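These notes are about the structure you will find just below.
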Amino acid sequence: EDIDSILEKMEDSSGLSYETKGGVIADSRPLVYPVNRSYDVVFGSHRLRQRQRPYIRSTWLTTPKNTWPRYSKTGIAMRLLETRRGVQHFTFEHHREYQQVQFRFLDAVESLDPNNIALLLQMNPYHVDSLLQLSEVCRMQEDQEMARDFVERALYSLECAFHPVFSLTSGTCRLDYRRPENRAFYLSLFKHMIFLEKRGCPRTALEFCKLILSLDPENDPLCVLLLIDLLSLRAREYAFLTRMFQEWEGHRNLSQLPNFAFSVPLAYFLLSQQEELSEAELSQARERAAHLLQHALIMFPSILMPLLDHCSVQPDSRVTSHSFFGLQAQISQPPALNQLVSLYVGRTHSLWKDPAIMAWLETNVHEVLRRVDTSEPVVEERKVRYQSAPRNISRHVILSELKEATAALPLEMTSQPVMGFDPLPPLDSITSYTRPERMTQPSSESTLSLFFRSLLPDFTLQVC
65 EDIDSILEKM EDSSGLSYET KGGVIADSRP LVYPVNRSYD VVFGSHRLRQ RQRPYIRSTW
125 LTTPKNTWPR YSKTGIAMRL LETRRGVQHF TFEHHREYQQ VQFRFLDAVE SLDPNNIALL
185 LQMNPYHVDS LLQLSEVCRM QEDQEMARDF VERALYSLEC AFHPVFSLTS GTCRLDYRRP
245 ENRAFYLSLF KHMIFLEKRG CPRTALEFCK LILSLDPEND PLCVLLLIDL LSLRAREYAF
305 LTRMFQEWEG HRNLSQLPNF AFSVPLAYFL LSQQEELSEA ELSQARERAA HLLQHALIMF
365 PSILMPLLDH CSVQPDSRVT SHSFFGLQAQ ISQPPALNQL VSLYVGRTHS LWKDPAIMAW
425 LETNVHEVLR RVDTSEPVVE ERKVRYQSAP RNISRHVILS ELKEATAALP LEMTSQPVMG
485 FDPLPPLDSI TSYTRPERMT QPSSESTLSL FFRSLLPDFT LQVC
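Position one of the sequence shown corresponds to residue 65 (the numbering used here), numbered consecutively onward.
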């Protein structure tokens, strides 16, 4: 089924829009608002089929499969911690029996043999961390179908544990990533979102991205702000992206993120190509696009050459001979900024290949060079940022699956435990239970090397 096309057809009947002074139809809902009716329309038929299978519980986020083991209570629950200013704070909890399974899972991870995790999963088919870790193993072995199936089963297990008043669509339910029990839900949503995008469903992936952001918009523990622009562009949700920039720039400084600095002007340019807008609106969009793109090129000159290289475009001699966009711009940038540049170029270069977009980019590159040569104040005021990346950005880079970006991670990140079920846990974690002390201590060698050594070439999953 074409989920994205269903979402597009329901736009006009949502009843959640208003007309601006310029005549443009805008969305009146809160910005980070997963589309309630989207879930209803998209998954309604799935829910009907689920009711025909009496032992499978009805859910919204994913569709249970007949091939899955019969579901029974796993020992995961959700509790409402408190309500503050209309915002409800929840947490997942592990009952005692689930804690024992979790301890056995950690033993299996330390054994360096994925078959031990598979055996544990046979006995506990809805143990979430086992599902996430084996999904990562399957992905590394290029078994995308099995990897996706494990993530969907993890999502199903977690949704079956939802508190009765926990809402996916209200935008007012929070989960603290510092609590280890909550991280599996974040990671399952993130991995499912990535699979949706790879399957050509960017609109649905965007709704999942909004959902992840709504769970903790202030801290954004998986830093989905580094991805939401790409999903918006691929879903052709240009108005959403420009609105997000307008509403969040004041308190989140989105223009300091290279992905927003470049994607927002691209969204304005694409809006300026839409025939249904008035000439005044088209002109305003073009002016806004040019202004923001020039600002992005001035603030992040190191993006231009890698972007053109990925697009197989040879810049003209004026650009190649100018020091502003030269090799020094890339060499001198901090490693943290290099991560963000690699992420953005690796993900979005295909969106820039259109000849009309390239011509627009070329025009503004030349204008930036003119401004640089005349020493405009905005050029002189440019400051070096990103001396070190926040932990959530590094966590996002690890989850991105982009080799160029992960290669730029600092040694202190790659030399500590990095596992698919809990990459870079917060340093201020809130633990509700601890693992009993064991007689044998785990190896002190790099956990990345342990993980990749565990991906044995002859490994075959024995799944139930």
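Where is the CB? At the ideal position from N, CA and C, for every residue including glycine.
A quick note: this is a predicted structure, and the numbers were derived from the prediction, not measured.
Using a Cβ-Cβ cutoff of less than 6 Å, which residues in the same chain neighbour residue i once the five nearest sequence positions on both sides are dropped?
i, result
"residue 486", "247"
"residue 365", "388, 389 and 393"
"residue 357", "329 and 428"
"residue 139", "159, 161 and 162"
"residue 269", "257, 260, 261 and 295"
"residue 8", "Any question about residue 8 goes unanswered here, given that the chain covers just 65 to 528."
"residue 255", "215"
"residue 415", "297"
"residue 203", "211"
"residue 497", "163"
"residue 115", "With a pLDDT of only 45 at residue 115, under 50, the local geometry of the prediction cannot be trusted, and no value is derived from it."
From which residue to which residue does the alpha helix (DSSP H) around residue i run?
i, result
"residue 431", "419-437"
"residue 282", "Neither: residue 282 is in no alpha helix (DSSP H) and is coded neither H nor E."
"residue 202", "192-204"
"residue 261", "244-262"
"residue 292", "292-298"
"residue 462", "455-464"
"residue 303", "302-316"
"residue 332", "322-335"
"residue 441", "441-444"
"residue 212", "208-223"
"residue 186", "178-187"
"residue 468", "467-470"
"residue 227", "Looking at the DSSP string, residue 227 is not in any alpha helix (DSSP H), and its letter there is neither H nor E."
"residue 372", "368-374"
Quick check on the DSSP output: the beta strand (DSSP E) that includes residue i runs from which residue to which?
i, result
"residue 480", "Note, residue 480: premise wrong, no beta strand (DSSP E); not H, not E."
"residue 152", "151-158"
"residue 238", "237-239"
"residue 502", "First-last for residue 502: undefined, no H or E at that position."
"residue 352", "Taken as a continuous stretch (DSSP letters only), residue 352 belongs to no beta strand (DSSP E), being part of the alpha helix (DSSP H) at 343-363."
"residue 147", "140-148"
Kindly give me the distance between the Cβ atoms of residue i and residue j, rounded to whole angstroms, as I take these residues to be in contact under 8 Å.
i, j, result
"residue 170", "residue 154", "At roughly 25 Å, the Cβ-Cβ gap does not stay under 8 Å, so residue 170 and residue 154 are not in contact."
"residue 327", "residue 350", "In fact, because the Cβ distance is near 17 Å, the residues do not count as touching under 8 Å."
"residue 19", "residue 279", "Past the boundaries of the shown model lies residue 19; the chain is included only from 65 to 528, so the question cannot be answered."
"residue 273", "residue 291", "6 Å"
"residue 224", "residue 123", "7 Å"
"residue 386", "residue 433", "6 Å"
"residue 208", "residue 173", "That belief does not hold up - the Cβ atoms of residue 208 and residue 173 are roughly 22 Å apart, past 8 Å."
"residue 126", "residue 253", "That belief does not hold up - the Cβ atoms of residue 126 and residue 253 are roughly 10 Å apart, past 8 Å."
"residue 400", "residue 439", "Not a contact, Cβ separation roughly 28 Å."
"residue 456", "residue 275", "Residue 456 to residue 275, Cβ: 17 Å. No contact."
"residue 325", "residue 360", "4 Å"
Measure the C-alpha to C-alpha separation of residue i and residue j and round it to an integer number of angstroms.
i, j, result
"residue 499", "residue 159", "14 Å"
"residue 65", "residue 263", "Note on residue 65: pLDDT 44, under 50, position unreliable in the model; the coordinate value appears next. Their Cα atoms are separated by approximately 12 Å."
"residue 352", "residue 427", "14 Å"
"residue 199", "residue 257", "14 Å"
"residue 212", "residue 464", "15 Å"
"residue 443", "residue 338", "32 Å"
"residue 391", "residue 191", "49 Å"
"residue 471", "residue 322", "18 Å"
"residue 407", "residue 188", "36 Å"
"residue 490", "residue 226", "24 Å"
"residue 215", "residue 179", "18 Å"
"residue 372", "residue 382", "15 Å"
"residue 313", "residue 430", "27 Å"
"residue 289", "residue 334", "20 Å"
"residue 397", "residue 230", "43 Å"
"residue 205", "residue 467", "16 Å"
"residue 529", "residue 165", "Past the boundaries of the shown model lies residue 529; the chain is included only from 65 to 528, so the question cannot be answered."
"residue 222", "residue 343", "50 Å"
"residue 128", "residue 136", "13 Å"
"residue 340", "residue 423", "23 Å"
"residue 234", "residue 242", "22 Å"
"residue 150", "residue 156", "20 Å"
"residue 346", "residue 332", "9 Å"
"residue 417", "residue 478", "33 Å"
"residue 307", "residue 277", "16 Å"
Between which residues of its own chain and residue i is the CB-CB distance below 7 Å, once the five residues before and five after are set aside?
i, result
"residue 56", "In this structure the chain extends from 65 to 528, so residue 56 is not present and cannot be described."
"residue 378", "none"
"residue 175", "none"
"residue 462", "470, 482, 487 and 488"
"residue 301", "270"
"residue 309", "318, 324 and 328"
Beta-carbon of residue i versus every beta-carbon of chain B: anything under 7 Å?
i, result
"residue 461", "The structure shown contains no chain B; it holds only a single protein chain."
Looking only at its chain, what residues have a beta carbon closer than 8 Å to the beta carbon of residue i, apart from the 5 residues adjacent to it on each side?
i, result
"residue 473", "403, 458, 461 and 462"
**Q.** alpha helix (DSSP H) runs wholly inside the region 382-422, at least 4 long, in chain order
**A.** Counting only runs of 4+ residues, the alpha helix (DSSP H) found wholly inside the region 382-422 occupies 391-395 and 399-412, in chain order.
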